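Protein chains in written order, with my numbering: chain A, 1 to 125; chain B, 126 to 250; chain C, 251 to 375; chain D, 376 to 500.
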């Protein structure tokens with residue numbers, strides 16, 4: 001259940017951390033189907049070409065919280081402190097939520113959004 | 126008014142609290158109908174089989190803010206400090222929002238998302 | 251532009267404040283039409299009958315950020331420290347976002363969600 | 376991929392900052408198409424006429440995180456400390472998320488929402 005295409009415009013890995021918590025982002029994926037979901041991430045930047053086709057598997061009937069710092073391809077990863085966006089495609093329908101924990105200052109801050117889905121047969125896009 | 130199927134990919138009960146506030150998550154449900162809503166929760170994990178069919182009632186014309194730490198079946202509950210996801214089904218249409226209060230550090234942090242709805246007759250899913 | 255029916259399941263006015271900021275919630279409404287929008291709020295509780303038909307006007311081509319503590323009818327208002335939900339109806343289409351500022355502890359915390367819309371002609375609901 | 380019309384009811388530039396972080400808001404835009412997207416912003420206020428047609432370009436296959444403090448037209452910008460709303464139109468479909476970092480007090484606070492999209496052919500609106 002869910003959708004095959006999801007978008008997250010506000011990506012940002014906070015470069016600093018304070019205290020015991022580590023600043024990070026997670027792309028949280030729920031795959032309620034009985035099959036593995038093969039996810040393909042595209043990372044869009046402000047000033048250079050995208051990193052395309054970063055692959056991640058989410059097993060059937062499982063949750064997976066993917067740290068964006070682990071998304072890498074041929075040694076190229078998302079640098080901290082840089083604004084970016086993410087597109088996620090999946091071969092089976094899934095549900096995708098994005099959360100950030102920012103521990104830059106002495107206190108913890110959180111944000112979270114459901115990613116934006118594009119639905120099949122929706123105006124042919 | 127609302128939907129019968131809702132999904133929350135980013136579930137996490139913070140294991141620690143500081144100060145007077147207690148870290149917790151709430152699944153907040155609005156049932157505007159005049160009938161009771163019978164909700165069935167499924168809890169999905171990263172590395173083991175889901176906990177299925179945890180039942181909760183939300184009376185008609187009432188709000189209910191359900192702490193995720195109270196969702197349990199046959200003595201099995203959601204452990205703190207573990208990434209998970211939730212699926213919620215209801216026999217009458219409801220609206221579902223998910224919020225987390227994280228008081229791990231000396232200051233309070235909050236996140237909230239509307240859960241993701243799957244609508245009836247939507248591509249047969 | 252927008253919708254006529256919006257829902258906010260997670261309502262809560264934090265009873266305490268620390269520092270110079272005051273804990274509060276806002277229902278933020280954008281009316282892009284040229285006519286006034288007449289909004290009707292229903293407040294749903296966990297353990298008693300709803301407060302119905304609290305009226306607020308948002309002028310045409312204007313933004314209005316409505317503090318939930320100002321929603322009252324016949325002397326009955328939303329008490330602080332109590333979980334509740336909101337339904338908002340408008341006679342012209344509007345867009346509704348809900349935000350909370352929680353200054354209970356020494357630091358500020360924020361959450362925000364777009365309210366959940368029910369669209370006309372959507373499965374007859 | 377995405378939509379051409381997006382709405383953000385809860386706009387507010389926090390007037391104060393504490394520590395090394397600066398309070399600000401960002402409208403984060405993902406343009407997955409190969410063409411430039413020309414965005415037109417309208418800023419709605421509570422007590423005066425909107426600022427209309429503020430133009431911003433987001434290149435093809437790029438992310439752009441736009442600080443709301445940079446949105447200006449004929450010397451007129453969004454004042455800090457004032458509640459407002461935003462409407463964003465684009466000539467090619469994009470995805471829009473809104474985030475605020477509030478460093479008013481000694482600790483950082485974050486909120487984020489996906490903007491609300493109006494879809495083409497949706498009830499003629």
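Ideal placement from N, C-alpha and C gives every residue a C-beta, glycine not left out. Computed from a predicted structure; not experimentally measured.
For residue 133/B, is the classification buried or exposed, using 16 other Cβ atoms within 10 angstroms of its Cβ as the cut-off for buried?
-> That one is buried.
With 16 other CB atoms within 10 Å as the buried threshold, where does residue 113/A fall?
-> Buried is the call here.
Is residue 288/C buried or exposed, if buried means 16 or more other CB atoms sit within 10 Å of its CB?
-> A residue is called buried once 16 or more other Cβ atoms fall within 10 Å of its Cβ, and residue 288/C, having fewer, is exposed.
Assuming residue 177/B contacts residue 167/B (C-beta within less than 8 Å), just tell me the rounded distance between them.
-> Right, their Cβ atoms sit about 5 Å apart.
Can you name, in chain order, every residue of its own chain whose Cβ lies under 8 Å from the Cβ of residue 294/C, other than the five neighbours on each side?
-> Closer than 8 Å at Cβ, skipping near neighbours: 300, 334, 335, 336 and 337.
Neighbour list for residue 255/C in chain B, Cβ cutoff strictly below 8 Å = Within 8 Å Cβ-Cβ: 126.
Taking only beta-carbon atoms, is residue 327/C less than 8 Å away from chain B?
-> No, because no Cβ of chain B sits closer than 8 Å to the Cβ of residue 327/C.
Alpha carbon to alpha carbon, how far is residue 464/D from residue 408/D? Give it in angstroms, no decimals.
-> If you take the alpha carbons of residue 408/D and residue 464/D, they lie about 16 Å apart.
Cβ shell of residue 311/C (< 8 Å), same chain only, five flanking positions each side left out | Counting only Cβ-Cβ distances below 8 Å, and skipping sequence neighbours, we find 281, 282, 283 and 284.
Own chain residues within Cβ distance below 7 Å of residue 381/D, not counting five before or after | The answer, listed in chain order, is 463, 471, 490, 491 and 492.
Starting from the Cα of residue 296/C, find the closest Cα among 331/C, 265/C and 272/C and give me that residue.
-> Out of 331/C, 265/C and 272/C, 331/C has the C-alpha closest to the C-alpha of residue 296/C.
Starting from the C-beta of residue 440/D, find all residues in its chain whose C-beta is less than 7 Å away, skip the five residues before and the five after it, and write them out in chain order.
-> Here the set comprises 401 and 403.
By a C-beta neighbour count over all protein chains shown, 10 Å radius and 16 as the cutoff for buried, is residue 91/A buried or exposed?
-> By the neighbour-count criterion, in which a residue is buried when 16 or more other Cβ atoms sit within 10 angstroms of its Cβ, residue 91/A is exposed.
Would you list the one or two residues that DSSP bridges to residue 239/B?
-> Note: residue 239/B is bridge-paired with 222/B in the DSSP secondary-structure output.
DSSP state of residue 408/D, grouped into three classes?
-> If DSSP states are grouped into helix, strand and coil, residue 408/D belongs with coil.
For residue 69/A, the three-state DSSP class (helix, strand or coil) = Three-state DSSP puts residue 69/A in a helix.
Near residue 219/B, what residues of its chain come up, given a Cβ to Cβ distance below 7 Å and the 5 sequence neighbours on each side ignored?
-> Shown here for residue 219/B: same chain residues with a beta carbon closer than 7 Å to its own, the five before and five after excluded, namely 127, 154, 155, 156, 162 and 183 in chain order.
Is the CB of residue 124/A under 8 Å away from at least one CB in chain C?
-> Bear in mind that the predicted position of residue 124/A carries a pLDDT of just 38, short of 50, making it too unreliable to give a figure here.
Counterpart residues of residue 439/D in DSSP-defined beta bridges | Answer is 404/D.
Determine whether the Cβ of residue 315/C lies closer than 8 Å to any Cβ atom of chain D.
-> So yes, residue 315/C belongs to the interface.
DSSP state of residue 397/D mapped onto helix, strand, coil = Judged by DSSP in its simplified three-state form, residue 397/D adopts coil rather than helix or strand.
DSSP-derived helix/strand/coil call for residue 296/C = Looking at residue 296/C - three-state DSSP - the assignment turns out to be coil, as it is neither helix nor strand.
Sorted by chain position, which residues of the same chain lie with C-beta nearer than 7 Å to residue 244/B's C-beta, five sequence neighbours on each side aside?
-> Only 128 meet the Cβ criterion.
CB contact below 8 Å: residue 352/C versus chain B | With 8 Å as the cut-off, residue 352/C counts as an interface residue toward chain B.
Same chain, Cβ closer than 7 Å to residue 390/D, five either side skipped, listed in chain order = Taking residue 390/D as the centre and dropping the five residues before and after it, the same chain places the C-beta of 455 and 456 closer than 7 Å to its C-beta, in chain order.
Beta-carbon proximity of residue 360/C to residue 224/B, cut-off 8 Å = No.
Taking the continuous beta strand (DSSP E) assigned at residue 74/A, which residues delimit it?
-> Unbroken run through residue 74/A: none, as it is neither H nor E.
Could you give the residue range of the beta strand (DSSP E) that holds residue 13/A?
-> Following the DSSP letters along the chain, one finds residue 13/A in no beta strand (DSSP E), marked with neither H nor E.
Distance, Cα to Cα, residue 181/B vs residue 195/B?
-> C-alpha separation (whole angstroms): 10 Å.
Taking Cβ-Cβ distances below 9 Å as the criterion, which residues of the segment 108–119 of chain A are in contact with chain D?
-> Taking 9 Å as the Cβ-Cβ cut-off against chain D, the residues of the segment 108–119 of chain A that qualify are 108, 109, 110, 111, 112, 113, 114, 115, 116 and 118.
State the DSSP-derived secondary structure class of residue 213/B, mapped to helix, strand or coil.
-> Strand.
Closer than 8 Å by C-beta to residue 54/A: which residues in its own chain qualify, once you throw out the five before and the five after it? Chain order, please.
-> Sequence-distant partners of residue 54/A (beyond 5 residues in either direction) whose C-beta falls short of 8 Å from its own C-beta, in its chain, are 40, 41, 42, 43, 71, 72 and 73.
Residues that residue 171/B contacts on chain A, provided the C-beta gap is smaller than 8 Å | In chain order: 62, 63, 64 and 65.
For residue 57/A, write down the residues that DSSP places opposite it in a beta bridge.
-> Listed as beta-bridge partners of residue 57/A by DSSP are 38/A.
Using a cut-off of 9 Å between C-beta atoms, extract the partners of residue 462/D located in chain C.
-> Chain-ordered, the chain C residues with CB closer than 9 Å to the CB of residue 462/D read 251, 280, 282 and 345.
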